[in-house]
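Each remark here refers to the structure printed beneath this line.
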Amino acid sequence: MDWTTTIDGYCERLDTGFWAEPINAMTNIAFLLAALIMAWRTRQLQSPLCTALVVVLAAIGVGSFLFHTFATVWSAVTDVVPIVSFVMIYVFLANRHYLGLSLRWALLGTAAFVPYVAITVSIFQQLPFFNISSGYWPLPFLIAGYAVFLRKRLPSVALGLFLGSALLCISLFFRTIDLPLCSAFPTGTHLVWHVLNAIMLGWMIETYRRHVLATGTAGS
509 MDWTTTIDGY CERLDTGFWA EPINAMTNIA FLLAALIMAW RTRQLQSPLC
559 TALVVVLAAI GVGSFLFHTF ATVWSAVTDV VPIVSFVMIY VFLANRHYLG
609 LSLRWALLGT AAFVPYVAIT VSIFQQLPFF NISSGYWPLP FLIAGYAVFL
659 RKRLPSVALG LFLGSALLCI SLFFRTIDLP LCSAFPTGTH LVWHVLNAIM
709 LGWMIETYRR HVLATGTAGS
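Heads up: take any position in the sequence shown, counting from 1, add 508, and you land on this note's numbering.
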């Protein structure tokens, strides 16, 4: 594999230059702002999981900036790894603190995320419109699934997860129409994905923060 191979997958990019996607690159500041806000809001919780999520949220902004500037295989890795890390941490968190599973079962449930994604991504790849962002569409459905399961046990958490799922669907819509509407919107719509996704990820941390304050559970 050539790690320096360039990737052109967004409407705004017209060449291989570093600043070929200035808007896509600069809107990653939304992730950093969201991380700063949530770092402030969770500063007194002494929660390792909150700290990890905030750090990874900031890393998502950095990784995405690198990808939308260098646009190479190696920078794509810096973009994807923090996103996957955030999801895995949150799935573990949901299993451990929302569902109340033991550490062993929480870890096993987190590992089950891998086959879930493998199966659902293959399904979304076969569907028109959804296939463009097939790697992401399993996520709002997973979040909504947790919300449905928790609607009676933890209604406030369930509502937070429902809102997060809905916001992610909206942001995915804008990510998906970036290339199809390129002729009408030369700058593309990927920037909206960045902003809404930053808000959504911050909200997911906020949902857990409120749960910790309500229950007094902030362990691992």
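Glycine included, C-beta positions come from ideal geometry on N, C-alpha and C.
Practice item. Name, in chain order, the residues that DSSP records as bridge partners for T580. Key: As a first step, residue 580 must be located in the sequence shown, where it is residue number 72. T580 is bridged to T514.
Exercise for review: Look at the alpha carbon of F539 and the alpha carbon of R612, and state the distance between them as a whole number of angstroms.
Suggested key: Walking along the sequence shown from the start, residue 539 turns up at place 31. Walking along the sequence shown from the start, residue 612 turns up at place 104. Taking the straight line joining both Cα atoms gives about 32 Å.
Practice item. If I'm right that I531 touches L699 with Cβ under 8 Å, what's the distance once you round it to whole angstroms? Key: Sequence index remark: in the sequence shown, residue 531 carries index 23 (1-based). Sequence index remark: in the sequence shown, residue 699 carries index 191 (1-based). The pair is a contact, with the Cβ atoms about 5 Å apart (cut-off 8 Å).
Check your understanding: Can you tell which of M546, Y518, G569, L522 has the C-alpha that lies nearest to the C-alpha of N731?
Key -> For residue 731 there is no data in the structure shown, the boundaries of the chain being 509 and 728.
Exercise for review: Could you give the DSSP three-state label for R717: helix, strand or coil?
Suggested key: Counting from 1 along the sequence shown, the entry for residue 717 is found at position 209. The DSSP-derived three-state label of R717 is helix.
Review point. Is the beta carbon of V595 sitting closer than 9 Å to the one on F632?
Key: For the purposes of this step, residue 595 is identified with residue 87 of the sequence shown, where counting begins at 1. For the purposes of this step, residue 632 is identified with residue 124 of the sequence shown, where counting begins at 1. At the C-beta level, V595 and F632 stay beyond 9 Å of one another.
Point to revise | Spatial neighbours of S642 in its chain, beta-carbon cut-off 6 Å, leaving aside the 5 residues before and after | key: Position 134 of the sequence shown, counting from 1, holds the residue named residue 642. So the qualifying residues of the chain are V629, F632, Q633.
Review point. Can you give, in chain order, each stretch of the alpha helix (DSSP H) that sits fully within the segment 533 to 565 and has at least 4 residues?
Key: DSSP runs (the alpha helix (DSSP H)) wholly in the segment 533 to 565: 537 to 549.
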